[in-house]
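The structure under discussion appears below in the form of structure tokens.
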Amino acid sequence: MNRKERTEVLIQMNTNLLRALAKKIMEQHEVKEIESPSHSLVMIKKREGSRNSLFYLSEVVVSECRVMIDGNIGFGILQGFDLKKSKYLAIIDAAFNANSGLIYKLEKTIQVEKEKQETKKRNEMQAILKTKVSFDTMQVE
Numbered sequence: 207m208n209r210k211e212r213t214e215v216l217i218q219m220n221t222n223l224l225r226a227l228a229k230k231i232m233e234q235h236e237v238k239e240i241e242s243p244s245h246s247l248v249m250i251k252k253r254e255g256s257r258n259s260l261f262y263l264s265e266v267v268v269s270e271c272r273v274m275i276d277g278n279i280g281f282g283i284l285q286g287f288d289l290k291k292s293k294y295l296a297i298i299d300a301a302f303n304a305n306s307g308l309i310y311k312l313e314k315t316i317q318v319e320k321e322k323q324e325t326k327k328r329n330e331m332q333a334i335l336k337t338k339v340s341f342d343t344m345q346v347e
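Here you go:
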């Protein structure tokens, strides 16, 4: 699983489970906070279709944090106001960058969570598709 996929799963993960993963890392490694959790505004780029040029669509509030484990920097950023979650994300990212001994356990937990999230998403889509109307089968009087 690459960094982007891992981060997407972690962002959707329950905060209590995320805290437990970060706590395991903090028990085995010294975590140095480089940039404390804070809120920022990030510009959203969008590509305009006809001219194929970039423009800034809007701004979005993000929570971000940077930490260091064994000389390796971890970065946590997510949309919204959840400062604690951004710190947990940064700690987990730093552990992966530092090739911590916990990586195997972390990957296993993240993979299980990814499968749960995919199942939930699939079930939601099936529920939505049940309400879809097929206009091809409508009879004309």
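Using the working numbering, the first residue of the sequence shown is number 207, and each one after it goes up by one. Yeah, the Cβ is synthetic: ideal placement off N, Cα and C, and Gly gets one too. Fair warning: this is a prediction, and the values are worked out from it, not measured in the lab.
Residue range of the unbroken alpha helix (DSSP H) whose run includes residue i
| i | result |
| --- | --- |
| K210 | 209-218 |
| N222 | 221-234 |
Selection from the options that minimises the alpha carbon distance to residue i
| i | options | result |
| --- | --- | --- |
| M207 | T325, K326, Q317 | Q317 |
| L295 | D276, K320, S269 | S269 |
| H235 | D288, D276, L335, F287 | D276 |
| Q323 | N220, R209, E313 | N220 |
| N278 | I298, V266, K230 | I298 |
| G307 | N258, I231, E321, D288 | I231 |
Continuous beta strand (DSSP E) stretch holding residue i: start and end
| i | result |
| --- | --- |
| K238 | 237-253 |
Assumed close pair residue i, residue j - CB separation to whole angstroms, cut-off 8 Å
| i | j | result |
| --- | --- | --- |
| E330 | V215 | The Cβ separation is near 17 Å, so there is no contact. |
| K291 | L224 | 6 Å |
| R272 | I240 | 4 Å |
| V267 | G286 | 7 Å |
4-residue-minimum alpha helix (DSSP H) runs that sit fully inside the segment 264-316, ordered along the chain:
289-303
Inter-stretch contact at 8 Å, needing at least 3 Cβ pairs: the segment 303-311 / the segment 242-257:
no
I want to know whether the segment 249-260 touches the segment 276-284 - three or more CB-CB distances under 8 Å.
The segment 249-260 is not in contact with the segment 276-284.
Validate contact between the segment 327-341 and the segment 224-241 using beta carbons, cut 8 Å, 3 pairs:
No, because fewer than three Cβ pairs between the segment 327-341 and the segment 224-241 fall closer than 8 Å, the two stretches do not touch.
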